[in-house]
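Below is one structure, written out as structure tokens, with a few remarks after it.
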Amino acid sequence: MEDNTRIRLLLLDFDGTLADTRRANTLAYVAALGEAGYPLTEEEYAANYFGMRCEEFLTRYGITDPAERERLRLRKIALYPTFFDTVRLNRPLWEFCCQFRRTGGRVWVVSTGSRANIDNVMRHLGIGGPGAATAEAPLGCVDGILSGLDIERPKPAPDCFLEVMRREGCTPRETLIFEDSPIGIEAARRSGAGYFIVKL
């Protein structure tokens, strides 16, 4: 039997999918930890921690004090914009999303990253959140943003994707996910939606 289900919802991971933020994220963490006396190289972070939520990364790195982890998290957020010159937009994917929205589709960013970081990078790239004015978002807007603290179980659990489908009233068969990291791809698979693997 032919399946005529129409895709109504696109869900985009942010770091490494919609935007190439790998080096900016890495440099911000290296700088924040370096200031506090923790040795971390770009190579070590990229190989072992990229794609993790900040809390998980700092815990696995060995920082056991919750107050220290929070201080480092906030310092990383403060330092992050100083490395935005290394950030690149995935223009083919974004142009596809803009066309999809013009035909009535919905587009969300679904990320394990912090909302503050996502907002800052999107502003730098010229992309807005829901309802942003044209002057603030010359390249267009997404319909929603779900970030790391909005959901209890992070990727590879599928909860973040399933929550946006619930809010939009869409089924997995009506949803297409774009992801780059192994944990994100696993979350997409578990959600039951179709997915594309993005390589920047």
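Start counting at 1 in the sequence shown, then tack on 842, and there's your number in my numbering.
Every residue, glycine too, gets a C-beta built ideally from N, C-alpha and C.
Among the options, the one whose alpha carbon lies nearest that of residue i
i            : options             : result
residue 984  : 995, 967, 1031      : 967
residue 1033 : 1041, 885, 996, 923 : 996
residue 1025 : 848, 858, 847, 849  : 858
residue 1015 : 1002, 1030, 1022    : 1030
residue 919  : 928, 867, 887       : 867
residue 873  : 902, 862, 924, 1004 : 924
residue 1040 : 849, 854, 848       : 854
residue 865  : 883, 973, 913, 907  : 883
residue 929  : 960, 946, 992, 899  : 960
residue 875  : 927, 998, 905, 848  : 905
residue 913  : 895, 974, 878, 886  : 878
residue 1023 : 1003, 998, 1012     : 998
6 Å CB neighbourhood of residue i in its chain, flanking five on each side removed
i            : result
residue 1017 : 851, 1007, 1035
residue 940  : 982
residue 948  : 851, 985, 1010
residue 899  : 891
residue 844  : Only weak support exists for where residue 844 lies, its pLDDT of 45 falling under 50; the value from the coordinates is given anyway. Once the five neighbours on either side are set aside, residue 844 has no close Cβ partner at all.
residue 887  : 868, 871
Within 8 Å, strictly: CB atoms of residue i and residue j
i            : j           : result
residue 970  : residue 979 : yes
residue 856  : residue 955 : yes
residue 860  : residue 936 : yes
residue 891  : residue 903 : yes
residue 1005 : residue 993 : yes
Exposure of residue i, with buried meaning 16 or more beta-carbon neighbours within 10 Å
i            : result
residue 1000 : buried
residue 870  : buried
residue 893  : buried
residue 895  : buried
Spatial neighbours of residue i in its chain, beta-carbon cut-off 8 Å, leaving aside the 5 residues before and after
i            : result
residue 897  : 911, 915
residue 1037 : 1018, 1019, 1020, 1021, 1027, 1030, 1031
Expected contact under 8 Å - CB spacing of residue i and residue j to nearest Å
i           : j            : result
residue 862 : residue 1042 : 5 Å
residue 963 : residue 926  : 7 Å
Close beta carbons around residue i, own chain, < 7 Å, minus the five adjacent residues each side
i            : result
residue 942  : 852, 949
residue 881  : none
residue 934  : none
residue 1003 : 853, 952, 1019, 1029, 1030, 1033, 1035
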